[in-house]
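Participant: Residue 47 in the working numbering sits at position 62 of the sequence shown, and the numbers go up by one each step.
One structure, as structure tokens, below. Some questions next.
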Amino acid sequence: MEFGIVQFTSDRGLKPHVLAPMIEEAGFAAYYVPEHSHIPTKREAAHPGTGDSSLPDDRYMRTLDPWTSLASAAAVTSRIRLATAVALPVQSDPLTLAKTLATLDHLSDGRVTLGVGFGWNLDELSDHHVPAGRRRTMLREYLEAMRALWTQEEASFDGEFVKFGPSWSWPKSTQAHIPVLVGAGGTEKNFAWIARSADGWITTPGEADIDGSVTLLNKAWADAGREGKPQIVVLDTRPDEQRLAHWRELGVTTVLYGVPDDDVEKAGAYLAKRAIQLGLG
-14 MEFGIVQFTS DRGLKPHVLA PMIEEAGFAA YYVPEHSHIP TKREAAHPGT GDSSLPDDRY
46 MRTLDPWTSL ASAAAVTSRI RLATAVALPV QSDPLTLAKT LATLDHLSDG RVTLGVGFGW
106 NLDELSDHHV PAGRRRTMLR EYLEAMRALW TQEEASFDGE FVKFGPSWSW PKSTQAHIPV
166 LVGAGGTEKN FAWIARSADG WITTPGEADI DGSVTLLNKA WADAGREGKP QIVVLDTRPD
226 EQRLAHWREL GVTTVLYGVP DDDVEKAGAY LAKRAIQLGL G
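This is the structure in structure tokens:
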């Protein structure tokens, strides 16, 4: 089981090229960042944390672009995985996004993990012309099309939302397979989708009692004929030795912690403290 850091990036926090080396030097294995293109000022969609249209944090409307952020982190690190929790691929053009991700994987020597979401903010999705009721199908097609571009010398795709004829696109991803994780609630429907189209699950904030969810996920994985075990990434608030030991037994692969990012000294002290608690180094 590995440990990583998730930064809710914003134009008021530490820049990724400042924080990422600190995360690597402290002994953590991964650096995760989120994505929101914009936040409509008037929304009907409820935030999953507040239950209504209010936002728990104004950083939602100030979020940095994830790919630029991770590219800047790639330039000043050599070991940590560069990931999203979570990105919203359907809000981008799939051909352009495939090129961006392959380039990032190439420049980072194969360190990209793509954490994706279906999108809770239906108003944001609507501005990108994403039909709410078809966003899961749209995401599946995006992933399949991008995988073709990353791995095939001559790729093509003919779907409902993505269509392109035989095409060349380089660079290919450095990794033979860029891992895809889905951040979503621990439901049977979500796990069936993950077992068909992804490599693992990212829990939602505050979802600590995951025993039943892991059982459901493993069943969906086996029912889909997948080999091995799915990756499981858990968002945690503070380390608890017994809980971490239990998660390790359940098959959790990565545990993520948020970081105070308004000050270099504060972030450094936090990372050092967490590293000691987790036995990193």
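Built from N, CA and C at the ideal position, the CB exists for glycine as well.
Everything numeric in this text was worked out from a predicted model, so none of it was measured.
To which residues does DSSP link Ser111 through a beta bridge?
Facilitator: Along the sequence shown, one-based indexing puts residue 111 at 126. Bridge partners of Ser111: none, in fact.
Participant: Would you grab the beta carbon distance between Ala252 and Met7 for me? Rounded to a whole angstrom, and I think it's under 8 Å.
Facilitator: Reading the sequence shown from its first residue, position 267 is the one you call residue 252. Reading the sequence shown from its first residue, position 22 is the one you call residue 7. With a Cβ gap of about 6 Å, Ala252 and Met7 count as contacting.
Participant: Per DSSP, which one or two residues make a beta bridge with Trp186?
Facilitator: As a working mapping, residue 186 is identified with position 201 in the sequence shown. Val167, Ile217, per the DSSP bridge assignment.
Participant: Spell out a yes or no on whether the region 103 to 122 and the region 70 to 80 are touching, meaning 3 or more CB-CB pairs, one atom from each, closer than 8 Å.
Facilitator: Flag = yes, the region 103 to 122 and the region 70 to 80 touch.
Participant: Would you identify the three-state DSSP class for Lys258, choosing helix, strand or coil?
Facilitator: Counting from one through the sequence shown, the residue named residue 258 turns up at place 273. It is helical.
Participant: Run through the region 116 to 162 for me and flag every whole alpha helix (DSSP H) of 4 or more residues, listed as ranges in chain order.
Facilitator: Counting whole runs of 4 or more residues, the region 116 to 162 contains the alpha helix (DSSP H) stretches 120 to 136.
Participant: Roughly how many whole angstroms lie between the Cα atoms of Val240 and Thr189?
Facilitator: In the sequence shown, the residue the question calls residue 240 occupies position 255. In the sequence shown, the residue the question calls residue 189 occupies position 204. So the alpha carbons of these two residues sit roughly 12 Å apart.
Participant: What does a CB cutoff of less than 7 Å around His2 pick up in its chain, not counting 5 residues either side in sequence?
Facilitator: As a position in the sequence shown, residue 2 is number 17, starting the count at 1. Ser57, Ala58, Ala60, Val61.
Participant: Thinking C-alpha only, which one of Ile179, Leu(-1), Lys204 is nearest Gly100?
Facilitator: Taking the sequence shown and counting its residues from 1, one reaches residue 100 at position 115. Considering only alpha carbons, the answer is Ile179.
Participant: Rounded to whole angstroms, what is the Cα-Cα separation between Gly250 and Lys27?
Facilitator: Here residue 250 refers to the residue found at position 265 when the sequence shown is read from its first residue. Here residue 27 refers to the residue found at position 42 when the sequence shown is read from its first residue. This sequence places Glu at residue 250; Gly is not what is there. Rounded to whole angstroms, Glu250 to Lys27 spans 37 Å at the Cα level.
Participant: Per DSSP, what kind of secondary structure is Arg66 in: helix, strand or coil?
Facilitator: To locate residue 66, count along the sequence shown from 1; it is residue 81. The answer is strand: DSSP assigns Arg66 an E or B state.
Participant: Using a threshold of 7 Å, state whether the C-beta atoms of Ala87 and Ser158 are closer than that.
Facilitator: The residue labelled residue 87 in the question sits at position 102 within the sequence shown. The residue labelled residue 158 in the question sits at position 173 within the sequence shown. Taking 7 Å as the Cβ cut-off, Ala87 and Ser158 qualify as a contacting pair.
Participant: Helix, strand or coil, according to DSSP, for Val3 in the structure here?
Facilitator: Start at 1 with the first residue of the sequence shown, and residue 3 comes out as number 18. Val3: helix per DSSP, three-state reduction.
Participant: Under the rule that 16 or more other beta-carbon atoms within 10 Å means buried, what is His231, buried or exposed?
Facilitator: Sequence index remark: in the sequence shown, residue 231 carries index 246 (1-based). Exposed.
Participant: Can you list, in chain order, the residues of its chain with a C-beta nearer than 8 Å to that of Ala133? Leave out the 5 residues immediately preceding and following it.
Facilitator: On the sequence shown, position 148 is the one that residue 133 refers to. Closer than 8 Å at the Cβ level, and outside the excluded window around Ala133, lie Ala140, Ser141, Phe142.
Participant: Is the region 198 to 208 touching the region 165 to 176, taking contact as three or more C-beta pairs under 8 Å?
Facilitator: Verdict: yes, contact present.
Participant: Given a cut-off of 7 Å, decide if Val218 and Ile195 are closer than it, judged by their beta-carbon atoms.
Facilitator: On the sequence shown, residue 195 is found 210 positions in, with the first residue counted as 1. On the sequence shown, residue 218 is found 233 positions in, with the first residue counted as 1. Against a cut-off of 7 Å, the Cβ pair of Val218 and Ile195 comes out as no contact.
Participant: Buried or exposed: which applies to Ser63, given that a residue is buried once 16 or more other Cβ atoms fall within 10 Å of its Cβ?
Facilitator: Counting from one through the sequence shown, the residue named residue 63 turns up at place 78. By the neighbour-count rule (16 or more Cβ atoms within 10 Å), Ser63 is not buried but exposed.
Participant: Under 7 Å between the Cβ atoms of Gly34 and Phe13?
Facilitator: Counting from one through the sequence shown, the residue named residue 34 turns up at place 49. Counting from one through the sequence shown, the residue named residue 13 turns up at place 28. Going by C-beta atoms, Gly34 is not nearer than 7 Å to Phe13.
Participant: Is the beta carbon of Glu109 less than 7 Å from the beta carbon of Ile65?
Facilitator: For this step, residue 109 is matched to residue 124 along the sequence shown. For this step, residue 65 is matched to residue 80 along the sequence shown. Result no, Cβ atoms of Glu109 and Ile65 do not sit closer than 7 Å.
Participant: Could you tell me whether the Cβ atoms of Phe46 and Arg233 are closer together than 7 Å?
Facilitator: As a first step, residue 46 is located in the sequence shown; it is residue number 61 there, counting from the start. As a first step, residue 233 is located in the sequence shown; it is residue number 248 there, counting from the start. The amino acid occupying residue 46 in the given sequence is Met; Phe does not appear at that position. It is not a contact, given that the beta carbons lie outside the stated cut-off.
Participant: Quick one: is Glu145 buried, meaning 16 or more other Cβ sit within 10 Å of its Cβ, or exposed?
Facilitator: In the sequence shown, residue 145 corresponds to position 160, counting from 1. Exposed.
Participant: Which residue from Ala193, Pro151, Arg96, His23 puts its Cα closest to that of Leu235?
Facilitator: Walking along the sequence shown from the start, residue 235 turns up at place 250. Taking only the C-alpha atoms, the option nearest Leu235 is Ala193.
Participant: Quick one: residues in its chain with C-beta nearer than 6 Å to the C-beta of Leu220, no 5 flanking neighbours on either side, listed in chain order?
Facilitator: Indexing the sequence shown from 1 puts residue 220 at position 235. Contacts found: Thr188, Pro190, Leu241.
Participant: Output the residue ranges of the alpha helix (DSSP H) runs that lie fully inside the region -11 to 39 and measure 4 residues or longer, sorted by chain position.
Facilitator: Qualifying alpha helix (DSSP H) stretches, in chain order: 1 to 10.
Participant: For Pro79 versus Ala11, is the C-beta distance shorter than 7 Å?
Facilitator: Within the sequence shown, numbered from 1, the residue matching residue 79 stands at position 94. Within the sequence shown, numbered from 1, the residue matching residue 11 stands at position 26. No, the Cβ-Cβ distance between Pro79 and Ala11 is not below 7 Å.
Participant: Under a three-way DSSP split, which group does Lys243 fall into?
Facilitator: As a position in the sequence shown, residue 243 is number 258, starting the count at 1. Rather than Lys, the amino acid found at residue 243 in this sequence is Gly. The answer is strand: DSSP assigns Gly243 an E or B state.
Participant: Using three-state DSSP, classify Thr88 as helix, strand or coil.
Facilitator: On the sequence shown, position 103 is the one that residue 88 refers to. Correct three-state label for Thr88: helix.
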